[in-house]
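Going by my numbering, the sequence shown opens with residue 10, and the numbers climb by one from there.
For every residue, glycine included, the Cβ atom is placed at its ideal position computed from N, Cα and C.
Down below is the structure, laid out as structure tokens.
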Amino acid sequence: LVDFIESEGLKPVKLLNTHCHIDHVLGNRFLAEKYELGLEMHKLDLPVLNAVPNYGKNFGFDTGEMIQPSVFLEEGETVTIGSVDLQILFVPGHSPGSICFYHVPTKQVISGDALFYGSIGRTDLPGGNHAQLIESIKAVLLTLPEDVQVHSGHGPSTKIGFEKANNPFLQ
């Protein structure tokens with residue numbers, strides 16, 4: 010990651026978490042310390058974040074203590090990175106405080122683990138709620154324009170229109 014950041018001449022200015030499951034937060038401390046960044050996340054995922062060290066022990070590794078957020082992000086707010094404004098969309102269900110970041114001008118949304126190509130996020134992980142996730146996706150993400158590109162935390166990108174028509178979890 011550092012090699013890519015440096016080779017591309019990038020300067021990280023934000024540390025944003027869509028949610029706080031173990032596979033999305035283990036790099037937080039490294040990035041925060043290396044680039045002097047504060048963690049930004051939704052407050053409802055704080056218990057999930059704080060449970061990561063014990064969750065890691067269940068898998069046989071030491072995660073160390075989790076850094077704590079410096080900013081809590083709320084639905085309807087905007088995160089600004091340079092000249093880019095990202096709308097915060099609240100999409101709980103995969104975790105209690107799952108959020109997405111929507112860039113309106115380019116019709117792109119970073120969905121974290123809420124919505125995937127042909128699937129949805131797991132709900133058997135800490136804080137998951139299947140019914141809530143389905144409701145959130147339908148009420149928030151599927152109301153975006155059909156040509157919005159969805160970039161998830163795992164797997165290939167997709168489009169809202171494709172998921173409306175084809176995602177078996179959303180029919």
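- A direct Cα-Cα distance of roughly 18 Å separates residue 144 from residue 134.
- The beta carbon of residue 24 is closer than 7 Å to those of 37, 40, 41, 46, 47, 48 and 49 in its chain, skipping five residues each way along the sequence.
- The beta carbon of residue 80 is closer than 7 Å to those of 47 and 49 in its chain, skipping five residues each way along the sequence.
- Secondary structure note for residue 55: it is in no beta strand (DSSP E), and the uninterrupted alpha helix (DSSP H) holding it is 55 to 67.
- Between residue 146 and the set 108, 156 and 115, the nearest pair of CA atoms involves 108.
- Straight across, the Cα-Cα distance linking residue 86 with residue 95 is about 8 Å.
- Annotation for residue 112: the continuous beta strand (DSSP E) segment containing it runs 108 to 112.
- The Cβ-Cβ distance between residue 72 and residue 56 does not fall below 9 Å.
- Within a 10 Å sphere around the beta-carbon of residue 129 sit 16 or more other beta-carbons, which makes this residue buried.
- Residue 65 sits away from residue 104, with the two beta carbons spaced by 9 Å or more.
- Closest in alpha carbon position to residue 162, among 26, 140, 44 and 88, is 26.
- Judged by DSSP secondary structure, residue 156 falls outside any alpha helix (DSSP H); it is assigned neither H nor E.
- The beta strand (DSSP E) runs lying completely inside the region 64 to 96 and spanning 3 residues or more are 78 to 81 and 87 to 90, given in chain order.
- Relative to residue 155, the option among 165, 115, 132 and 139 whose CA is nearest is 115.
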